[in-house]
Each structure stands twice: as structure tokens, then as C-alpha cells.
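Q: Structure incoming, see below.
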Amino acid sequence: MTEKKRTTIILFSGDYDKAMAAYIIANGAAAYDHEVTIFHTFWGLNALRKEEQVRVQKGFLEKMFAKMMPRGADKLGLSRMHFAGIGPKLIKQVMKKHNAMPLPQLIDMAKEQGVKLVACQMTVDLLGLKQEELIDGIEFAGVAAYLADASEGNVNLFI
Amino acid sequence: MTEKKRTTIILFSGDYDKAMAAYIIANGAAAYDHEVTIFHTFWGLNALRKEEQVRVQKGFLEKMFAKMMPRGADKLGLSRMHFAGIGPKLIKQVMKKHNAMPLPQLIDMAKEQGVKLVACQMTVDLLGLKQEELIDGIEFAGVAAYLADASEGNVNLFI
Amino acid sequence: MTEKKRTTIILFSGDYDKAMAAYIIANGAAAYDHEVTIFHTFWGLNALRKEEQVRVQKGFLEKMFAKMMPRGADKLGLSRMHFAGIGPKLIKQVMKKHNAMPLPQLIDMAKEQGVKLVACQMTVDLLGLKQEELIDGIEFAGVAAYLADASEGNVNLFI
Numbered sequence: 002m003t004e005k006k007r008t009t010i011i012l013f014s015g016d017y018d019k020a021m022a023a024y025i026i027a028n029g030a031a032a033y034d035h036e037v038t039i040f041h042t043f044w045g046l047n048a049l050r051k052e053e054q055v056r057v058q059k060g061f062l063e064k065m066f067a068k069m070m071p072r073g074a075d076k077l078g079l080s081r082m083h084f085a086g087i088g089p090k091l092i093k094q095v096m097k098k099h100n101a102m103p104l105p106q107l108i109d110m111a112k113e114q115g116v117k118l119v120a121c122q123m124t125v126d127l128l129g130l131k132q133e134e135l136i137d138g139i140e141f142a143g144v145a146a147y148l149a150d151a152s153e154g155n156v157n158l159f160i
Numbered sequence: 002m003t004e005k006k007r008t009t010i011i012l013f014s015g016d017y018d019k020a021m022a023a024y025i026i027a028n029g030a031a032a033y034d035h036e037v038t039i040f041h042t043f044w045g046l047n048a049l050r051k052e053e054q055v056r057v058q059k060g061f062l063e064k065m066f067a068k069m070m071p072r073g074a075d076k077l078g079l080s081r082m083h084f085a086g087i088g089p090k091l092i093k094q095v096m097k098k099h100n101a102m103p104l105p106q107l108i109d110m111a112k113e114q115g116v117k118l119v120a121c122q123m124t125v126d127l128l129g130l131k132q133e134e135l136i137d138g139i140e141f142a143g144v145a146a147y148l149a150d151a152s153e154g155n156v157n158l159f160i
Numbered sequence: 002m003t004e005k006k007r008t009t010i011i012l013f014s015g016d017y018d019k020a021m022a023a024y025i026i027a028n029g030a031a032a033y034d035h036e037v038t039i040f041h042t043f044w045g046l047n048a049l050r051k052e053e054q055v056r057v058q059k060g061f062l063e064k065m066f067a068k069m070m071p072r073g074a075d076k077l078g079l080s081r082m083h084f085a086g087i088g089p090k091l092i093k094q095v096m097k098k099h100n101a102m103p104l105p106q107l108i109d110m111a112k113e114q115g116v117k118l119v120a121c122q123m124t125v126d127l128l129g130l131k132q133e134e135l136i137d138g139i140e141f142a143g144v145a146a147y148l149a150d151a152s153e154g155n156v157n158l159f160i
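Protein chains in written order, with my numbering: chain A, 2 to 160; chain B, 2 to 160; chain C, 2 to 160.
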């Protein structure tokens with residue numbers, strides 16, 4: 002009776018390159034039969050937003066945040082060499098050339114492999130996001146759920 | 002005889018949102034009875050600075066650093082959407098609305114819960130900070146102490 | 002028969018201060034007899050570039066990346082207070098004053114202590130880097146090798 006290995010990643014960052022790293026590690030770990038959780042918090046929630054605008058009731062501050070934050074995985078910027086949006090285009094071009102999977106596909110793959118995608122309920126509320134604005138198939142939970150998963154495994158990263 | 006679970010966080014970042022994430026995880030882990038250490042290094046030391054100016058002898062470089070770095074948890078900026086200081090105000094307003102604890106209170110709570118707050122001695126010296134400039138109730142230690150704690154637990158994060 | 006402790010660090014960041022933190026932890030862990038791996042990916046690869054220009058065949062995009070990215074550990078910028086390059090100079094001056102080891106020496110020390118330095122093959126390819134452009138004595142591997150190391154230890158950091 003061998004115990005299942007476990008990998009948990011807190012995705013705090015809303016950068017395309019960091020989210021890519023998170024999802025590549027997650028997909029790798031799932032392929033090696035780890036139980037994997039990605040816990041999205043703060044700007045990392047932007048990777049889970051639907052691309053299309055969803056009509057929801059919001060207060061003024063929440064509308065402002067919603068407007069200023071990128072809508073979905075494909076819209077994220079780079080952590081460096083962003084150059085007003087040219088950087089992300091370059092990276093995506095290079096990735097295509099090398100047959101590397103773009104972020105939205107990495108997320109689909111993670112879901113297919115059974116990676117547990119969690120949105121941090123507290124920061125969802127703080128940033129004024131509504132469940133309907135986030136992609137399907139994700140869970141909502143808090144720090145207690147994160148700790149329960151993390152303390153069972155030893156590959157625990159904050160990205 | 003069950004062993005105590007352990008969580009250690011290296012807080013390298015001096016961003017308000019990242020420090021908040023660090024302290025929320027630390028407080029959560031302490032509530033679930035983990036032994037918790039936050040090891041503050043580089044810009045993460047700014048969260049431990051006293052708000053008031055403290056008269057100490059410093060060289061020129063040290064004075065410059067002291068001047069350019071934010072004094073205390075309440076003064077930290079955001080990792081993104083800082084917008085010349087408007088971002089932090091917005092976040093704090095939103096947090097108030099949702100009854101989320103601001104960072105200085107999260108730090109107080111961590112101390113009350115027995116979270117061990119450590120300042121990295123090497124970077125304290127590098128940045129020219131003096132013990133009197135940092136809040137009370139913290140320890141000063143180095144990488145050896147960090148490793149001793151971290152290698153006993155499995156939730157080890159670098160933020 | 003005690004098992005060897007293990008520390009693995011993913012160095013994603015190309016910032017001088019973060020790379021310093023990574024190498025200080027790695028050297029500390031090696032001194033305490035951990036098996037240590039630093040897995041360099043994305044901008045973290047810049048710490049492994051040779052300082053001198055190496056003649057290699059590259060496509061247009063790869064040439065652009067190569068040009069825009071810092072060549073070697075000594076050329077990295079700071080994660081904050083970069084101030085158009087003044088920040089790194091200040092930090093290095095302060096480090097000299099305190100007899101702290103600069104990054105290139107920390108890397109040499111890591112190699113001497115047997116820290117395994119790995120370059121992520123996928124991002125080496127993405128950024129158009131060639132093996133000849135990177136320093137000697139490093140390995141090339143992927144996420145599978147990282148996970149194999151990380152899941153055996155419990156100090157696993159993403160920097």
C-alpha cells in the first residue's frame with residue numbers, strides 16, 4: 002500500500018509566464034500520478050476568468066477591479082519584458098514555433114487530468130468576482146482546505 | 002504521539018498583497034495547530050519596521066535605503082495595479098467593506114497565536130536596519146535556523 | 002541509516018536579489034549536508050549565461066530575446082528599487098562593505114559544494130538559448146526530473 006504523492010500550488014501571480022510554469026508543473030505531476038491542487042488566489046484568479054463578459058450586478062469598486070484585470074488566461078501579461086503587450090505576443094509566437102502548449106490549453110489539460118482547480122473564496126469576494134464569471138469545473142475554498150491538502154504532500158509551491 | 006505539523010514561510014517580498022497572503026496562510030496554519038515560522042528577508046523586512054521614525058546612527062548608504070523603503074506593514078505597495086499608491090487604498094477600502102483584516106492586524110494576530118516572526122540577520126545588516134527600528138517580539142536568525150525549521154515540516158513556501 | 006535531506010529550488014526569477022536568496026539557501030542547505038538542486042527556468046536561466054558573447058546560429062526572435070535578456074549573474078537587475086541600474090550598484094556596494102558574497106561567487110560556491118544546477122530544457126529552447134551560451138558544469142532536464150527530486154524532499158521552493 003503506497004500512499005499517493007501530492008503536489009499543491011498556490012497561484013498568486015497573474016503573469017502569463019508564471020501561470021504557465023504553474024500549469025506545466027501541475028500537468029507533469031498529474032502525469033506522474035500525483036494528486037494535484039492549484040489554489041488560485043489574488044491575481045492568479047484572472048487565469049480562471051471567462052473570456053467573454055458576463056452580466057452580473059456589481060458595486061463601483063468591484064466594477065473598477067473587473068475592468069482593470071485581464072479577462073482569462075489568454076489575456077495575462079508577462080512578469081518581465083511585457084513591453085506594452087509585445088512581450089506576450091512574442092512569447093506566444095515562439096511557443097507556437099516550438100509546439101509548446103499555450104496557457105488556455107494547459108488549463109484544459111489539467112482539468113482532463115483531474116487536477117483540482119480551486120478559487121480562493123476570500124479573494125474572489127475581495128476582488129468582486131462572481132462565480133458565473135469564472136470557468137466551469139472549479140471549486141471554491143479557503144485556507145483551511147489548502148492546508149489540509151498541502152500538509153499531506155511535500156511538493157508545495159507558491160507561485 | 003503525533004508529531005506537530007510545521008509551516009514555514011520565507012517572506013522575501015515587500016508587497017502588501019503578498020505579505021497579506023503570507024500572514025493569512027500563517028494564521029490559518031497556526032489555527033490548525035501547526036508550528037509556524039515566518040522568516041523575513043530582503044524587502045519582506047519592511048513589514049516589520051516600526052511606523053514611527055527611530056533615531057539611530059547610520060552611514061550614508063544605509064540612510065538612503067531606510068529613506069526609500071516603506072516604514073511598516075501599512076505602508077507597503079501592491080505587486081500590481083499599484084497606480085502611484087491608489088491601488089493600495091482601493092484594496093484597503095474593499096477589505097474594510099468585506100471585514101477582511103488589514104496587514105498590521107494580521108501581524109498582531111500572528112504574534113498572539115505564537116507564530117515565530119524572524120528577521121534575517123544578514124539582510125537586516127545589508128539594508129542597514131537596526132533592531133530598534135523593527136517591531137518588538139521578533140527573533141533574529143540566519144539561513145541555518147530557517148533550514149532547521151523547514152526540514153522538519155512540509156509546507157514550506159517562498160513568497 | 003538516516004536518509005539524506007533534500008532541498009530543491011526552482012529559480013524562475015531573473016532578479017539579482019531573488020537569485021541571491023536562492024543561492025544563499027542552496028549553499029546553506031549544502032553546508033548542512035542536504036542534496037540540493039536548483040532548477041533554472043524562464044528568466045532564472047539568465048543567471049547561467051556566460052558573460053562573454055558566444056557566436057551561435059539563431060533565428061530572428063531568438064536573437065531578440067538574447068539581446069534583451071541580461072548576460073550572466075552579474076548583470077541581473079533588482080526586483081525592486083532597480084532605478085535604471087543604480088539599485089544593483091548600491092546593493093553590490095553595500096554587500097562589499099558587509100563582506101557578503103556577490104552572486105557569481107555564490108554560484109561558484111554552489112558548484113564546489115556539489116549543488117546540482119539544472120537548466121530547464123524546454124525554456125532553454127523557448128528563449129532560444131544554446132548550450133554553449135551557458136556556463137559549464139550544469140545539467141539539462143525537464144519537469145519529470147524536477148519532480149523526481151522534489152518529491153523525495155520537503156524543502157521545495159519556487160523563487
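Every residue, glycine too, gets a C-beta built ideally from N, C-alpha and C.
All values reported here derive from a predicted model rather than from experimental measurement.
Counting pairs of beta carbons, one from the stretch 53 to 66 of chain C and one from the stretch 129 to 145 of chain B, are three or more of them closer than 8 Å?
A: no
Q: With distances taken from CA atoms, which of C:G45, C:I10, C:A27 and C:I92 is nearest L164 of chain C?
A: In the structure displayed, chain C extends from 2 to 160; residue 164 of chain C sits before or after that span and is not available.
Q: Let me make sure I understand the geometry here. Which of C:S152, C:V55 and C:Y17 has the alpha-carbon closest to that of E36 of chain A?
A: C:S152
Q: Helix or strand or just coil, what does DSSP make of F141 of chain C?
A: The answer is strand: DSSP assigns F141 of chain C an E or B state.
Q: Please check the pair I39 of chain A and L118 of chain A, which I expect to be a contact at CB under 8 Å, by giving their CB distance rounded to whole angstroms.
A: 6 Å
Q: Where does D150 of chain B fall in DSSP's three states?
A: helix
Q: Taking 7 Å as the threshold (beta carbon to beta carbon), is I26 of chain C in contact with chain B?
A: yes
Q: When you compare each of A:R81, A:H41, A:A30 and A:K5 to L12 of chain A by their alpha carbons, which one comes out closest?
A: A:H41
Q: Based on the DSSP output, what are the partners of G78 of chain C in its beta bridges?
A: C:D16
Q: Give the secondary structure of T124 of chain C by DSSP, where H, G and I count as helix, E and B as strand, and everything else as coil.
A: helix
Q: Which residues in the same chain as H83 of chain C place their Cβ atom closer than 6 Å to its Cβ, once the five residues preceding and following it in sequence are excluded?
A: none
Q: The alpha helix (DSSP H) spanning V95 of chain C covers which residue range?
A: I87 to K98
Q: Taking 7 Å as the cut-off, decide whether the C-beta atoms of P89 of chain C and L104 of chain C are in contact.
A: no
Q: Would you mind giving the Cβ-Cβ distance between L49 of chain A and A146 of chain A, rounded to the nearest angstrom? I have them listed as a contact below 8 Å.
A: At roughly 16 Å, the Cβ-Cβ gap does not stay under 8 Å, so L49 of chain A and A146 of chain A are not in contact.
Q: Would you mind stating whether N47 of chain C and M21 of chain C have Cβ atoms separated by less than 7 Å?
A: It is not a contact, given that the beta carbons lie outside the stated cut-off.
Q: By the criterion of Cβ-Cβ separation under 7 Å, what are the contact partners of A30 of chain C in chain B?
A: L148
Q: Use the C-beta contact count for R56 of chain A: other C-beta atoms within 10 angstroms, 16 or more gives buried, fewer gives exposed.
A: exposed
Q: Is the CB of F43 of chain A under 7 Å away from at least one CB in chain B?
A: True, the Cβ-Cβ gap to chain B drops below 7 Å.
Q: Under DSSP, the beta strand (DSSP E) around I136 of chain A begins and ends at which residues?
A: Annotation for I136 of chain A: no beta strand (DSSP E) segment contains it, and DSSP assigns it neither H nor E.
Q: Considering only the beta carbon of each residue, do K51 of chain A and E134 of chain A sit closer than 7 Å?
A: yes
Q: Quick check on the DSSP output: the alpha helix (DSSP H) that includes E113 of chain B runs from which residue to which?
A: That run of the alpha helix (DSSP H) goes L104 to E113.
Q: Return the CA-CA distance between Q132 of chain A and M123 of chain A, expressed in angstroms with no decimal places.
A: 12 Å
Q: Among the residues of its own chain, which have a CB less than 6 Å from the CB of K6 of chain A, if the five just before and after it don't count?
A: H35
Q: With the cut-off set at 7 Å, would you say A30 of chain B and T8 of chain B are in Cβ contact?
A: Yes, the Cβ-Cβ distance between A30 of chain B and T8 of chain B is below 7 Å.
Q: Does the beta carbon of F61 of chain B sit closer than 7 Å to a beta carbon anywhere in chain C?
A: no
Q: Using the C-alpha atoms, what's the distance from I87 of chain C back to A32 of chain A?
A: 45 Å
Q: Below 8 Å on the Cβ atoms is my contact criterion, and I expect A111 of chain C with Y17 of chain C to pass it. Report the Cβ-Cβ distance as a whole number of Å.
A: Not quite, the Cβ-Cβ distance comes to about 16 Å (not below 8 Å), so this is no contact.
Q: Specify, as a first and last residue, the run of the beta strand (DSSP E) that E36 of chain B falls within.
A: Counted as a single uninterrupted DSSP element, the beta strand (DSSP E) harbouring E36 of chain B occupies residues E36 to H41.
Q: List the endpoints of the continuous alpha helix (DSSP H) containing L62 of chain A.
A: F61 to M69
Q: For A149 of chain C, is the classification buried or exposed, using 16 other Cβ atoms within 10 angstroms of its Cβ as the cut-off for buried?
A: exposed
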